[in-house]
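Accompanying notes for the structure given below.
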Amino acid sequence: MANKYVGYFTNGLVKENPTLRLVLGTCPTLAVTTAAINGIGMGLSATLVLVCSNLAISLLRNVIPDKVRIPAFITIIAGFVSVVQMLVKAFLPSIDKALGIYLPLIVVNCIILARAEMFASKNKPLPSILDGLGMGIGFTAVLTLMGAIRELFGAGSLFSFPVTANFISPMIIFLLPPGGFFVFGMLVAASNAIAKKNGKKAVEKMGCENCPAKDSCGQEECVKEETGDE
Amino acid sequence: MREQLNVASSPHIRHLDTTSGIMLDVIIALLPACIFGCIIFGLRALAVLAVSVAAAVLSEFLWNIILKKPQSVGDLSAVVTGLLLGMNLPSTLPLWMAAIGSVAAIIVVKQMFGGIGCNFANPAIAARIILLVSFPGAMTKFVAPLSDAVTSATPLAAPNEYTLRELFFGWHGGSIGETSAFLLLVGGLYLIVRKVISPVIPCCFIGTVALLSLLAGENPLHSILSGGLILGAVFMATDYTTTPITWKGKAIFAVGCGLLSFVIRRFGALPEGVSYSILLMNILVPHINRFTRPKPFGWVKPKKEEKQDA
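If you're matching them up, the sequences are chains A and B in order.
Numbering of the first sequence is given in the numbering used here, commencing with residue 10 and proceeding in unit increments.
Numbering of the second sequence is given in the numbering used here, commencing with residue 18 and proceeding in unit increments.
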């Protein structure tokens, strides 16, 4: 039994890592990771929202009518995002400045909506919290790694401490959108290579067949689309 | 007798052109401008060219070894890429930056997309842009001819400082290989005579820029001779992989390049737009190819089936 709960938590860390394996939440991943600290800030804010919204949605899962579940989820998520936004504004104004519009945009972060739809609305509160925590930490880890790589090459520093900035001029392109796409692509390629080594499918083809989350998903619409179109 | 009975699939008629032969022609065509660049900018220019060529060849060589692919260094395409990149760099550039540019050109732009014939953009152009965006200061530090330290404005930044004669023969500051319009045109003529490139792209590209500058009230000769327009139009926009197949497509491609170059030069924040315009049009090539697909002989446009009333 305990193993099962550990599984809920570790699922989001590696096997279904939201950024590299599910390829969700790409927009904040590319936009805010110009420095490692921004990655941590974005990741932790999203984690907090994710855990709270997963808990609330899991508790309300029998109350929310199926037909209006998406607006209901969004409303719940938006509530928590407002709380997080006010907290960050009050206590970490520099992070708030760095994240800019992407902080309120956590509302439409697809990781959070996807976990609400795929997990929290079908599971009990404790697994939902663990799932949100695992997914959030997986998201944070990738964002921090990406921010660290881009900061190191693009600004020659790490967590704002100069590393190479004093003796080589950094490649500014890593801080710009092309550098973001490049680093993201390299990380996805690396995670695909690792997954392939462990006998898993690479994130290449889209569709439910190749989705790493298909076991926990079980969406009927998904299955219909797959068979209906082709 | 035995050979005559061999069954082979088409093509049955083979031309003697080889990749390495074509690349050798391009190298021969580039050499006069390279040598001129080394004369006016000194040994430093030679060092930049040598490093960019060596880094390009070495990265191609190592990539093939590490990925256990057939060795493709012999086709000389990496030499051409390195040489073209070097010619697009200022002679003052730190050598390690030139090396990074070559590695990016060969590994990121060329090999990661499948190697020769599969790259979506001209590797030398993309690498130049990567360097320009990454090291804007070092990439725009140009020196005057025959001096190691005196920085000089390029003809695009200071249009009235140079006479047309100086521009034509290349006696002004700029990237190593872009200054002498005369020698680049000689190289281009050699390639056209050898049928390595078709004249459609250089003519349409340069013609569009000239026409637009004339309409905008500038001296068209000045716009043609300054900056990297001739180097780009003759040697970079004529890369086989990243240009359309038909002559109609080539013309559309080249006019687009000319239009974008002019717009960036005149209205953009950057002084030079040739490399960006070629990169942008490179990306559009698959679409241009689709729209300019030649019709097979005797092909009739199928009539639209009339809707049947239900």
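Glycine is no exception: its CB is placed at the ideal position from the N, C-alpha and C atoms.
Contact under 7 Å by Cβ, residue i with residue j
i	j	result
A:GLY156	A:GLY50	no
B:ALA95	B:ALA121	no
A:VAL93	A:SER54	yes
A:VAL151	A:ILE115	no
B:GLU195	B:LEU248	yes
A:ILE158	A:VAL117	no
B:ALA50	B:LEU208	no
A:VAL41	A:LEU142	no
B:PRO303	B:VAL251	no
B:THR259	B:ALA73	no
A:VAL60	A:ILE177	no
A:THR43	A:LEU184	yes
A:LEU39	A:GLY208	no
Outcome for residue i when other beta-carbon atoms lying within 10 angstroms are tallied against a minimum of 16
i	result
B:ILE83	exposed
B:TRP80	buried
B:PRO87	exposed
A:SER169	exposed
B:ASN299	buried
A:ILE110	exposed
A:PRO27	buried
B:LEU33	exposed
A:THR56	buried
B:ILE241	buried
B:LYS267	buried
B:GLY91	exposed
B:PHE314	exposed
B:LEU163	exposed
Contacts around residue i, its chain only, beta-carbon distance under 7 Å, and the 5 residues preceding and following it disregarded
i	result
B:SER192	MET104, ASN105, LEU106, PRO107, GLY245
A:ALA174	ALA164, GLY165, SER166
B:PHE159	PRO107, THR168, SER169, THR171, GLY190, GLY191
B:ILE146	SER292, TYR293, LEU296
B:SER76	SER119, VAL120, ILE123, ILE124
A:LYS98	ASP105
B:LEU287	ILE281
A:THR153	ALA45, GLY48, ILE49, GLY52
B:ARG211	ASP42
B:VAL126	ASN136, ALA138, PRO140, ALA143, ALA144
B:SER197	ALA50, PHE53, PHE186, GLY187
A:VAL172	LEU161, GLY165, SER166
B:LYS85	none
A:VAL58	ILE86, PHE89, VAL90, VAL93, ILE115, ILE121
Contacts around residue i, its chain only, beta-carbon distance under 6 Å, and the 5 residues preceding and following it disregarded
i	result
B:SER69	GLY99, LEU102, GLY103, ALA115, SER119
B:GLY290	SER278, ILE281, ARG282
Cβ shell of residue i (< 8 Å), same chain only, five flanking positions each side left out
i	result
B:HIS239	PRO172, PRO176, LEU181, LEU184, SER230
A:PHE100	none
B:ILE44	LEU93, VAL96, VAL97, LEU100
B:VAL217	TRP264, LYS267, ALA268, ALA271
B:SER37	GLY91, ASP92, LEU93
Separation of residue j from residue i, as counted between CA atoms
i	j	result
A:GLY237	A:PRO37	Because A:GLY237 sits at a pLDDT of 40, beneath the cut-off of 50, its placement in the model cannot be relied upon, and the point is left open.
A:PRO136	A:LEU96	26 Å
B:GLY134	B:MET253	15 Å
A:GLY21	A:CYS119	14 Å
B:LEU60	B:VAL97	20 Å
B:THR255	A:PHE162	33 Å
A:ASN63	A:PRO80	15 Å
B:GLY273	A:LEU69	57 Å
B:PHE130	A:MET195	13 Å
A:PRO179	B:TYR179	35 Å
B:VAL213	A:LEU112	55 Å
A:THR84	B:ARG283	49 Å
B:LEU276	B:ARG307	21 Å
A:ALA202	A:ALA125	29 Å
A:MET127	A:ARG78	12 Å
B:ALA62	B:GLY54	7 Å
A:PHE82	A:ASN132	15 Å
B:ALA155	A:ILE182	14 Å
A:GLU160	B:VAL203	46 Å
B:CYS222	B:LEU148	First, the amino acid is wrong: residue 222 of chain B is Phe here, not Cys. If you take the alpha carbons of B:PHE222 and B:LEU148, they lie about 24 Å apart.
A:LYS233	A:ALA123	The predicted model places A:LYS233 with a pLDDT of 44, which falls under 50 and marks its position as unreliable; any figure quoted below should be read in that light. Distance between the alpha carbons of A:LYS233 and A:ALA123 is about 19 Å.
B:ILE57	B:LEU110	16 Å
B:LYS318	B:ILE30	32 Å
B:SER27	B:TRP316	24 Å
A:ASP75	A:ILE146	29 Å
B:THR35	B:ARG310	26 Å
A:VAL15	A:ASP140	9 Å
Exercise for the section: Only counting runs of 4 or more residues, tell me where the alpha helix (DSSP H) segments fall wholly within the segment 121–171 of chain B, in order along the chain. Expected result: You should have 140–151, 153–156.
Exercise for the section: Taking only runs that begin and end inside the segment 44–96 of chain B, name each unbroken alpha helix (DSSP H) of 4 or more residues, in chain order. Expected result: Runs found: 60–83.
Practice task
Counting only runs of 4+ residues fully inside the segment 223–280 of chain B, write out the alpha helix (DSSP H) ranges in chain order.
Solution key: Runs of the alpha helix (DSSP H) inside the segment 223–280 of chain B: 237–242.
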